[in-house]
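Residue numbers (this note's numbering), protein chains in the order written: chain A, 1 to 425; chain B, 426 to 745. Positions of the beta carbon are idealized from the N, C-alpha and C atoms, including for glycine. One structure is given here, and the rest of the page talks about it.
Take a look at the structure:
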């Protein structure tokens, strides 16, 4: 396999406490060494990374790739290609595909197709309940054996708390991580926007904080009861973060992530009735946004994910409440993270850890770091290159982003996955 | 979005919401309505302003009163009117909202009057119609019902002349009311500083005070000294969705009775967008009493809708 030498780059590897200029040496798809030239190493290929940051490839805890089932919105090929262009080397695919990821066959299909595509590594997340119906357990042991990295019910509700309890107990019997997106459906009550001033003004059905924070509180009780390893996905409000912080302090084995756009957009930014802002959980208030940002710095929230949901044009063509929720967001993940650094919310090393080391730890992956022997998953980006979100630059099939037309700072130059260059600008 | 309603000269092109319209535009509507108003009592009730123009009433939700006043208004402006009840038509055959609009557009219409159950439907249609077509929102979801709000403003001006020092109380289901949202915006724009909303918490939206009102959970407290009392219709389904216990208890706590009316100013007027639930929101004797202007509202509805239609219609030259 190709031997690669990345030279002159600014290496940031939070897991190994590296933050310095230097070289990375790659052979056989693995990291060989950082800075120390291995004896007798002759590179087949050298990447001059001058003025660039060299860091572990990003691990996205939640991205819909739309295949199988909704290939008119995106495919494993189109979306992993977009991920590669965004420096993302690993993607967790939630189980709400069609068919649902609740059998070995579907897991194998996803593995085959994504390997054939040859871009980012796809980690299927298995269904926590059969057909995501929230009533019966899925065959979790078989799903784990087939290669599911975790289990989740995606955005589908549970029939009752007993099912959730049993599912958590069963998952933990197989040492499976449960990913849980907190939402009490009876309280969110078919809403489409945060229950606040914006929804009141425009007469949109609202989703209160409590729909999320009440679900967090209930789930925390079940974590305590079952001893399940649990990850909260895409939390959106201050009340949830406070509860998670308290539970962590108390010693529960939990983690949490936030979708990148929640750290930048609030209900005040929504252009009235513009459906690209229709997302679940909904955009909250300035207070929530600031608290989520603080929670990153303090470590209450462990990771940032894209919560990528590409859509076809028709899905967003309609009156706001009738459109499908979700934002296409793989390609804005890095520049929006860099914006947090620029706004002094976190430092660059923290920002990179939130996209690499921390999600790797949550998933127990031997990845997310430039440790010798680890898979050579690397992102090389220029933090000061400007680019515009437009047809020329955008890779995802879904163009549903509120950032369309915006000019960002920070652009991926090369992405390497398992020692293979999967993207170069 | 706000610009969507106005053309490059700042004149009305669509009429979708009161939001974004200034006092001058609202006053112009009231003034033009005034001139049409005197016409209704004449023997010949027609003017040729919209002769040769085609107006389509698109009602995705049932309505008798609003649809008939729009039909009447269009007829009196000499337009050709077509009313389509979509609930029983195309969309039930799986045709999308946009396809329906495109099909009608192909028949060379000049204006759509739209009522729809989803908030923002009027905006969506206005964004996707051909440039020569005007859209009037006849009620969208829980968002806006701006023509109703304007006829209410017209009625208030008729009885009270000026808006500045008025105290206006709106009583009932504010949470689900597009009428209330548009009324509040119109009252604020026209200069009313004291707008009160009165309802139990289950029928008040979160942060309602940010709309520019004071909220009360006690009707007697809220009514004191008011000049205008606007009652809202209570939908039956509020009882089955755990927002209220019974109609009887609602009337007991929030119904407008003769006794409560005495708390308002002696010359206060009582309004209701209709249809009335007698004995639920309002005592029959008040609805039919001397302070009620409920039927006057209906009469004014025609003149105000004529005014809005004549103001938004695009000059003929623009038709491609």
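Classification of residue i by the beta-carbon crowding that lies within 10 angstroms, buried from 16 upward
{"i": "residue 78 of chain A", "result": "buried"}
{"i": "residue 540 of chain B", "result": "buried"}
{"i": "residue 469 of chain B", "result": "exposed"}
{"i": "residue 478 of chain B", "result": "buried"}
{"i": "residue 393 of chain A", "result": "exposed"}
{"i": "residue 303 of chain A", "result": "buried"}
{"i": "residue 673 of chain B", "result": "exposed"}
{"i": "residue 39 of chain A", "result": "exposed"}
{"i": "residue 27 of chain A", "result": "buried"}
{"i": "residue 748 of chain B", "result": "Absent from the structure is residue 748 of chain B, since the part of chain B shown begins at 426 and ends at 745."}
{"i": "residue 644 of chain B", "result": "buried"}
{"i": "residue 531 of chain B", "result": "exposed"}
{"i": "residue 196 of chain A", "result": "buried"}
{"i": "residue 617 of chain B", "result": "buried"}
{"i": "residue 556 of chain B", "result": "exposed"}
{"i": "residue 232 of chain A", "result": "buried"}
{"i": "residue 101 of chain A", "result": "buried"}
{"i": "residue 639 of chain B", "result": "exposed"}
{"i": "residue 332 of chain A", "result": "buried"}
{"i": "residue 251 of chain A", "result": "exposed"}
C-beta neighbour in chain A for residue i, strict 8 Å
{"i": "residue 630 of chain B", "result": "yes"}
{"i": "residue 603 of chain B", "result": "yes"}
{"i": "residue 660 of chain B", "result": "no"}
{"i": "residue 744 of chain B", "result": "Because the pLDDT of residue 744 of chain B is 45, which lies under 50, any placement of that residue in the model is unreliable, and the question is left without a value."}
{"i": "residue 633 of chain B", "result": "yes"}
{"i": "residue 543 of chain B", "result": "yes"}
{"i": "residue 540 of chain B", "result": "no"}
{"i": "residue 606 of chain B", "result": "yes"}
{"i": "residue 728 of chain B", "result": "no"}
{"i": "residue 426 of chain B", "result": "Residue placement at residue 426 of chain B is flagged as unreliable, the pLDDT there being 47, under the threshold of 50; the coordinate-derived value follows with that caveat. Residue 426 of chain B counts as touching chain A."}
{"i": "residue 574 of chain B", "result": "no"}
{"i": "residue 546 of chain B", "result": "yes"}
{"i": "residue 636 of chain B", "result": "yes"}
{"i": "residue 439 of chain B", "result": "no"}
{"i": "residue 669 of chain B", "result": "no"}
{"i": "residue 699 of chain B", "result": "no"}
{"i": "residue 430 of chain B", "result": "no"}
{"i": "residue 566 of chain B", "result": "yes"}
{"i": "residue 523 of chain B", "result": "yes"}
{"i": "residue 484 of chain B", "result": "no"}
For residue i, the residue or residues it bridges with in DSSP
{"i": "residue 9 of chain A", "result": "A:22"}
{"i": "residue 179 of chain A", "result": "A:152 and A:231"}
{"i": "residue 126 of chain A", "result": "A:151"}
{"i": "residue 641 of chain B", "result": "B:623"}
{"i": "residue 426 of chain A", "result": "Residue 426 of chain A lies beyond the range of chain A shown here (1 to 425); nothing can be said about it."}
{"i": "residue 30 of chain A", "result": "A:27 and A:375"}
{"i": "residue 565 of chain B", "result": "B:541 and B:569"}
{"i": "residue 536 of chain B", "result": "B:480 and B:559"}
Cβ separation of residue i and residue j, assumed to be a contact under 8 Å, to the nearest whole Å
{"i": "residue 193 of chain A", "j": "residue 267 of chain A", "result": "7 Å"}
{"i": "residue 307 of chain A", "j": "residue 234 of chain A", "result": "5 Å"}
{"i": "residue 712 of chain B", "j": "residue 703 of chain B", "result": "6 Å"}
{"i": "residue 170 of chain A", "j": "residue 140 of chain A", "result": "6 Å"}
{"i": "residue 381 of chain A", "j": "residue 53 of chain A", "result": "5 Å"}
{"i": "residue 95 of chain A", "j": "residue 127 of chain A", "result": "4 Å"}
{"i": "residue 426 of chain A", "j": "residue 57 of chain A", "result": "As shown, chain A starts at 1 and ends at 425. That puts residue 426 of chain A outside it, with no answer to give."}
{"i": "residue 425 of chain B", "j": "residue 646 of chain B", "result": "The structure shown does not extend to residue 425 of chain B, since chain B spans only 426 to 745, so no value can be given for it."}
{"i": "residue 630 of chain B", "j": "residue 200 of chain A", "result": "4 Å"}
Cutoff 8 Å: residue i Cβ touching any chain C Cβ
{"i": "residue 663 of chain B", "result": "No chain C is present in this structure, whose protein chains are A and B."}
Closer than 8 Å to chain B by CB, residue i
{"i": "residue 319 of chain A", "result": "yes"}
{"i": "residue 334 of chain A", "result": "no"}
{"i": "residue 273 of chain A", "result": "yes"}
{"i": "residue 97 of chain A", "result": "no"}
{"i": "residue 277 of chain A", "result": "no"}
{"i": "residue 187 of chain A", "result": "no"}
{"i": "residue 405 of chain A", "result": "no"}
{"i": "residue 284 of chain A", "result": "no"}
Scan the region 574-617 of chain B and note each continuous alpha helix (DSSP H) run of 4 residues or more that stays entirely inside, going in chain order. 603-615
Could you give the uninterrupted runs of the beta strand (DSSP E) lying entirely in the region 195-261 of chain A, keeping only those of 3 residues or more? 230-232 and 254-259
At 3 residues or longer, and completely inside the region 429-509 of chain B: list those beta strand (DSSP E) runs for me, N to C. 479-484
Mind pulling the alpha helix (DSSP H) runs of 4 or more residues that sit fully within the region 278-327 of chain A? 286-298
Could I get the ranges of all uninterrupted beta strand (DSSP E) runs contained in the region 56-103 of chain A, with 3 residues as the minimum, in chain order? 58-60 and 88-93
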